[in-house]
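Okay, structure first, notes after.
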Amino acid sequence: MVSLKTSKELSDMKLSCQISAQALKLAGELIRPGVSTAHINKMVHEFIVSQGAKPTFLGYGGFPAACCISVNDEVIHGIPSDRILRDGDIVSVDVGAAINGYTGDNAATFAAGTASEEALTLMRVTEECLYKAIEAAQPGNRLGDIGYAVQSHAESFGFGVVRDFVGHGVGKQLHEAPEVPNYGTPGRGIRLMPGMTLAIEPMINGKGSAVRVLKNGTVLTASGSLSAHFEHTIAITADGPVILTKA
Ligand code: MG
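Taking our numbering, the leading residue of the sequence shown gets 753, the next gets one more, and so forth.
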């Protein structure tokens with residue numbers, strides 16, 4: 753069942769999304785060569801708690817940290833550790849904060865120091881995929897329009913769209929219906945309606961769409977190529993999509 757939020761529910765949900773966005777922004781500011789991913793996680797965790805919210809990911813499915821931090825060929829679900837970031841690493845942070853009975857969810861990929869031209873292009877195109885997908889999330893459009901927007905843009909650069917993991921509805925729960933794939937056929941799938949709140953999150957690999965999953969849950973590109981990930985929580989309104997996780 754896809755839940756449609758009333759405007760009161762949407763305004764109740766806004767705070768969780770705003771704290772999620774600020775937490776992501778903070779993570780981005782901390783990313784540089786020489787810093788451990790555990791340190792970034794610690795600061796993000798403390799920030800979320802300081803806002804009176806809870807880190808949504810902590811304990812979710814047994815996840816041991818406040819945010820996922822995935823480096824280079826890690827796609828998603830990277831676990832913060834004593835790994836020290838090096839110049840040129842690309843670092844995907846995925847974080848959500850829960851408050852007032854709602855959660856937000858957002859992600860972005862940042863460069864530590866100076867990333868390669870290849871890495872910067874992958875990051876730029878993945879972020880463009882996100883904004884093209886949001887633009888497609890108009891009431892009356894279909895779910896397939898969102899996926900098509902991501903897929904067509906990523907593949908025009910020869911990049912691979914991850915298919916084994918997808919975006920999702922979000923609100924009272926981190927993962928709600930519907931699933932929001934990053935691939936699709938225009939005009940297909942359920943109709944997008946005002947009141948839907950979706951986490952749209954293209955995960956794009958430099959090469960190939962295949963991934964492999966480690967025992968600890970971390971997802972890597974099967975090819976060993978870099979991967980990038982950008983995500984916003986949005987609300988579909990009668991006037992069009994609204995980004996709730998805007999910092
Ligand atoms: Mg998500």
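Glycine residues also receive a C-beta, built at the ideal position from the N, C-alpha and C atoms.
Partner residues in the beta bridge of N858, as assigned by DSSP, are V847.
Secondary structure note for L972: its beta strand (DSSP E) is the uninterrupted segment 971-973. Beta-bridge analysis with DSSP links H984 to I952. With a cutoff of 6 angstroms, D857 counts as near the ligand MG, since its C-beta is closer than that to a heavy atom of the ligand.
In this structure, L972 and L966 form a Cβ contact; the two beta carbons are roughly 7 angstroms apart against a cut-off of 8 angstroms. The ligand MG never approaches E931 closely enough for any of its heavy atoms to be under 6 angstroms from the residue's Cβ. With contacts defined as CB atoms closer than 7 angstroms, V754 and A929 qualify as a contacting pair. At a cut-off of 3 residues, the continuous stretches assigned as beta strand (DSSP E) that sit fully inside the region 855-931 are 858-863, 919-921. At a Cβ-Cβ threshold of 7 angstroms, F909 and V877 count as neighbours. Ranked by Cα distance from Y883, the first of E983, A773, I771 is E983. Distances taken from the Cβ of A951 to the heavy atoms of the ligand MG include one shorter than 6 angstroms. One thing to note: A885 has its Cβ within 7 angstroms of the Cβ of V902.
Beta-carbon to beta-carbon, L874 and I956 are separated by about 7 angstroms, close enough to satisfy the 8 angstroms threshold. The Cβ neighbour count for S868, taken over all protein chains shown within 10 Å, is under 16; the residue is labelled exposed.
Using a Cβ-Cβ distance cut-off of 8 angstroms, the region 852-860 and the region 890-905 are not in contact, since fewer than three pairs of beta carbons, one from each stretch, lie closer than that value.
If you compare the alpha carbons of T866, K959, L762 with that of A974, the shortest gap goes to K959. Distance from the CA of R894 to the CA of S904, rounded to the nearest whole angstrom, comes to 16 angstroms.
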